[in-house]
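S.K.: Numbering (the numbering used here), first residue to last: 205 to 538.
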Ligand code: UVW
């Protein structure tokens, strides 16, 4: 049984609620964090959520945002003709893609954001660019995303909290590009409204309608919305971090930019990005991966039609040695 947030053993120099060491085994430093909660039992139980055999992709096309935030590179896609050297006949194509892994639907691995001001990533390691640019085989202790392939990636019970549909039903005035902050009580109210409960090892999926809003904008409108750095999301508070840990989610994903609301704020004051509380706590202190900019529209339509909000979720990130983030290649199967 996992300790609660307030019962987690004290880690020197770190705030209460640090899970470093909790998942270590036989003296080996853990690199999977809360993905350890995806046990054969939770996967088998998740498979029981498949009732209609409907499979839905949660992957927004790479390159959907023409100018991603934080000066990130969008998609560069080059197609090359394959021609036979002897006959000159054109027999097919190859292609090359290049993009920032944070530019569209993505997972943030446990190396994406470090606790501040210690600069330490999950389980107390100090990743450097040089360390991560070489194969993680040589850096077994860095919790890079390729390690997920050593444990079957992500398969478990996804639970969607469809805040966008709830807000529409309840007449809540809401748009994705305001710094609207969802509290634990708000999430629980949506869960009760939908008639869904959480189990340890669930993958929590929260829909705000942000990728849908971005998808309906011109490139210029997208650039203005992205550069506003006013994004709806979960409230970035220690109370929210405590609630996420105490529910023992294996991971959290959303269709918004950062899972948590931006900009980081405290006492009505805007703070530097280093104060993103859920990035520090989930990625750095719990080892709980964050998924962002997922495409949740079709899933919402199907869940609302079926009145079922739990499903089997699978996701297999790119197996890039030393990778920081990745398109999720995620499927929800209802
Ligand atoms: C930052 O890296 C600041 O945020 P995100 O993980 O949402 O891209």
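Beta carbons: idealized from backbone N, C-alpha and C, even for Gly.
Residue 330: buried (16+ other C-beta within 10 angstroms of its C-beta) or exposed?
M.R.: Burial call: exposed.
S.K.: Check whether the region 383-395 and the region 352-362 touch, using three or more Cβ-Cβ pairs below 8 Å as the test.
M.R.: Cβ pair count under 8 Å is below three, so no.
S.K.: For residue 365 and residue 286, what's the separation of their Cα atoms in angstroms?
M.R.: Straight-line Cα distance between these residues: approximately 46 Å.
S.K.: State the DSSP-derived secondary structure class of residue 446, mapped to helix, strand or coil.
M.R.: If DSSP states are grouped into helix, strand and coil, residue 446 belongs with the helices.
S.K.: Could you tell me the boundaries of the beta strand (DSSP E) in which residue 362 lies?
M.R.: Here the beta strand (DSSP E) through residue 362 covers 358-366.
S.K.: Assuming the contact rule is C-beta atoms closer than 8 Å, residue 284 and residue 427 should be a hit. Round their C-beta distance to whole Å, please.
M.R.: Actually they are not in contact, since the Cβ atoms of residue 284 and residue 427 sit about 30 Å apart, beyond 8 Å.
S.K.: Verify whether the separation of the beta carbon atoms of residue 488 and residue 314 is less than 9 Å.
M.R.: In contact: residue 488 and residue 314 (Cβ atoms closer than 9 Å).
S.K.: Near residue 447, what residues of its chain come up, given a Cβ to Cβ distance below 7 Å and the 5 sequence neighbours on each side ignored?
M.R.: Excluding positions up to five away in sequence, the list reads 388.
S.K.: With DSSP collapsed to three states, give me the class of residue 518.
M.R.: Strand, per DSSP.
S.K.: When the Cα of residue 239 is compared with those of 438, 397 and 453, which residue comes out closest?
M.R.: Looking at the Cα atoms, 453 is the closest of the given residues.
S.K.: Could you check what DSSP says for residue 538 in three-state terms: helix, strand or coil?
M.R.: Looking at residue 538 - three-state DSSP - the assignment turns out to be coil, as it is neither helix nor strand.
S.K.: Tell me the DSSP secondary structure of residue 513 in three-state form.
M.R.: Here residue 513 sits in coil by DSSP.
S.K.: Residue 271 bridges to which residues according to DSSP?
M.R.: Answer is none; residue 271 lacks a bridge partner.
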